[in-house]
Amino acid sequence: METIIEDAIVRKARAVLRSRRLEFASAIKNSERYRKRTGLVPGPPSANNPDWWSFHPHFDPVYCIRHARFLSKVIWRKVQSSMYRPVPAIQFDIPKPDGSSRKIMAFTIPDSALANVVHRQATKRNLSLFSRFSYAYRPDQNIFDAILNLDRSLVGPKSYIVQYDFSKYFDTIDHSYLRSVLFGRQTFLLPSAERHTIDAFLNHEYCHVTGYKNGIFDVREQGVPQGSSLSLFLSNAAAHELDIALEKLSGTFVRFADDVVAVAHSYSDSLAISAAFRAHCKSAGLKINFNKSPGILLFGGTPEREKRTFVVDIDDGDKLETISNIDYLGHSITTVGVTIPQKSVKKIKARISTLIYKHLFLHRRCAGGAFNPDRVGAGFGDWDLVTCINEIRKYIYGGLRESHVANFLADDAKPPFMRGLMGFLPLITDPEQLIALDGWLLNVMRRAQRERVRVLHNRFGTVTARLTGDDLITGGWYDYPLITNDASLPSFVRAWRVARKYYKRYGLSGIEPPRYYSLANY
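Read in the numbering used here, the sequence shown has 114 at position 19, and its numbers run on one by one without any break.
So, in structure tokens, the structure goes:
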């Protein structure tokens with residue numbers, strides 16, 4: 096076990112160093128991009144490591160690599176003697192889109208390594224005990240399995256959807272409930288060393304990064320230790336009894352962490368499912384966010400939500416809200432197929448708009464009007480536009496080239512990988528949103544390029560050609576033999592066609608789920 100922990104410490108420390116090197120390389124790249132685009136010489140990016148690495152030697156990856164063997168011996172002996180306690184974690188506030196913040200803990204490298212080892216071993220040992228309708232943080236199932244199962248569950252003349260949003264699920268799980276599930280009911284197979292480690296992490300000490308040096312720490316009294324991979328196993332364990340209760344009822348459900356959707360085919364069954372949700376919240380110390388919880392809904396009917404005031408059968412409810420789609424894990428399941436939800440469409444547009452602004456307009460405004468005239472010229476047209484289009488392609492195709500896409504659609508070679516936004520598309524059956532996104536992308540790129548032409552001419556006296564929609568689609572405006580580039584606009588529909596063909600030919604095994612939903616992060 097000492098060797099396993101030692102390897103985990105070295106692996107975690109190297110991952111931290113690699114992440115820091117990538118951050119520094121990105122800063123150098125942005126600095127060089129600034130110089131090329133403005134002709135100005137920026138200040139050198141800081142090569143200093145984060146200040147919090149100095150808070151404790153175990154936060155320093157170099158120290159941990161050098162002393163990995165010693166650290167693993169000490170940790171394992173403490174675990175065996177039930178004396179192990181994690182070093183107090185550092186709390187960071189991560190901004191959320193709604194303006195609030197999410198509190199994340201940074202544990203030391205040896206503590207994180209031990210948590211990784213326990214998480215992987217406990218998950219592997221108890222995999223068959225978890226519900227088959229639980230899809231999060233598992234090596235054998237992922238987001239795609241959840242969507243497929245939910246889609247199959249909605250086949251039938253009438254389906255009732257039961258959906259509740261837990262309020263701060265990971266932060267408020269009651270520790271006494273969690274300990275009873277893990278240790279008191281013999282539900283999970285956990286050796287004494289793993290039990291002690293889990294118990295130590297549940298009540299770990301922590302302090303906000305701004306006050307850590309003062310040495311005054313708080314103790315976690317509820318919730319799972321976010322920032323540690325153990326939280327993945329614990330979140331599934333905390334919902335295990337809800338899974339078992341739902342399995343005993345008529346209908347089906349899918350659960351991805353705290354995101355649960357249940358499907359029933361009669362109103363009385365949906366009421367029983369609703370009661371199971373409430374009973375679980377009471378026993379686990381959780382609360383339902385009723386502002387975000389639709390409760391019981393009838394799936395099908397008109398495209399718009401409306402209040403139904405008629406009775407379908409004898410056990411049906413009165414004034415039940417009818418929906419035509421379910422948005423779940425980046426997919427929108429409708430009565431006719433699976434498409435992309437509007438919320439995801441907005442995120443896609445926001446991401447591409449950011450790329451356009453970053454490459455075509457950012458440095459014009461932040462550099463006091465400076466511009467490098469060598470960025471435009473005969474043949475290549477506009478280097479910044481070339482870069483912008485290639486960055487958008489990288490986002491949509493996940494790193495595939497246009498030649499990979501064209502060749503595969505022509506029944507040629509299998510793409511080397513399937514990831515990024517393209518990796519989200521294999522289960523989409525209705526391309527209507529993607530067709531609209533292609534039109535939006537062409538329109539916004541044409542308007543952005545014309546605005547850039549105007550700005551360069553009015554502010555810097557630089558003349559460059561306006562491009563038509565056909566120019567942008569084909570990429571024919573780029574004619575520079577010295578440097579080969581594909582300047583054609585990528586296509587959401589082409590990405591979808593590749594994803595669907597890959598799925599039908601090879602299945603889902605070669606498609607990488609987004610890293611947020613993957614164990615690869617840990």
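Cβ atoms here follow ideal geometry from the backbone N, Cα and C, with glycine treated the same way.
Computed from a predicted model, the values in this text were never measured in an experiment.
Collapsed DSSP secondary structure at residue i in the structure displayed
i, result
"Ile160", "helix"
"Ser427", "strand"
"Phe265", "helix"
"Asn580", "coil"
"Asn144", "coil"
"Gln321", "coil"
"Glu316", "coil"
"His291", "helix"
"Asn42", "No answer is possible for residue 42: it lies beyond the span of the chain, which begins at 96 and ends at 617."
"Gln258", "strand"
"Phe225", "coil"
"Asn420", "strand"
"Arg547", "helix"
"Arg600", "helix"
"Gln236", "coil"
Member of the options whose CA lies at the smallest distance from the CA of residue i
i, options, result
"Asp146", "Thr305, Leu455, Ser324 and Val250", "Thr305"
"Ala42", "Gln236, His303, Tyr362 and Trp591", "Given that the chain is displayed from residue 96 to residue 617, the structure contains no residue 42 and the question cannot be resolved."
"Ala334", "Ser345, Arg106, Val349 and Leu344", "Val349"
"Pro140", "Lys131, Ser126, Trp148 and Gly425", "Ser126"
"His454", "Pro511, Tyr259, Arg132 and Glu101", "Arg132"
"Pro192", "Lys438, Met178 and Thr267", "Lys438"
"Lys308", "Pro510, Leu117, His151 and Leu520", "His151"
"Cys302", "Leu285, Arg373, Arg541 and Met200", "Met200"
"Ser176", "Ile484, Leu516 and Ala295", "Ala295"
"Arg215", "Pro286, Ser365 and Phe328", "Phe328"
Rounded straight-line distance, which links the Cα of residue j to that of residue i
i, j, result
"Tyr601", "Asp269", "43 Å"
"Ala210", "Trp572", "54 Å"
"Leu245", "Phe475", "49 Å"
"Arg496", "His360", "46 Å"
"Ala122", "Ala465", "20 Å"
"Leu620", "Asp469", "Absent from the structure is residue 620, since the part of the chain shown begins at 96 and ends at 617."
"Gly605", "Gly570", "31 Å"
"Pro156", "Ser262", "36 Å"
"Asp479", "Asn538", "18 Å"
"Glu101", "Ser498", "44 Å"
"Phe512", "Gly494", "9 Å"
"Gln186", "Arg113", "22 Å"
"Ala163", "Val440", "46 Å"
"Ile391", "Leu344", "15 Å"
"Phe239", "Ile443", "20 Å"
With 16 other Cβ atoms within 10 Å as the buried cut-off, status of residue i
i, result
"Val481", "buried"
"Gln544", "buried"
"Phe385", "exposed"
"Ala615", "In this prediction, Ala615 scores a pLDDT of 33, lower than 50, which makes its location untrustworthy; no coordinate-derived value is stated."
"Arg547", "buried"
"Phe202", "buried"
"Leu579", "Just to set this straight, residue 579 is Thr in the shown sequence, not Leu. Its Cβ having fewer than 16 others within 10 Å, Thr579 is exposed."
"Phe519", "buried"
"Asn467", "buried"
"Tyr259", "buried"
"Asp313", "exposed"
Residues of its chain near residue i, where Cβ-Cβ distance is below 6 Å and the 5 sequence neighbours each way are ignored
i, result
"His426", "Ile242 and Val433"
"Ala103", "Ala208, Asn211 and Val212"
"Leu273", "Ala333"
"Leu96", "The question names Leu, yet the displayed sequence has Met at residue 96. Around Met96: Trp171."
Same chain, Cβ closer than 7 Å to residue i, five either side skipped, listed in chain order
i, result
"Ile530", "Val588"
"Ala462", "Reliability of the predicted coordinates at Ala462 is poor, the pLDDT of 49 falling under 50, and no value is obtained from them."
"Thr292", "Val174, Tyr179, Leu209 and Val213"
"Phe283", "Asn221, Leu224, Leu277 and Ala332"
Interface flag, residue i vs chain D, CB-CB below 8 Å
i, result
"Pro145", "Here chain D cannot be found, since the structure has a single protein chain."
Chain-order list of residues whose beta-carbon lies under 8 Å from that of residue i (same chain, five-residue window excluded)
i, result
"Asp525", "Thr429, Val431, Gly432, Val433 and Thr434"
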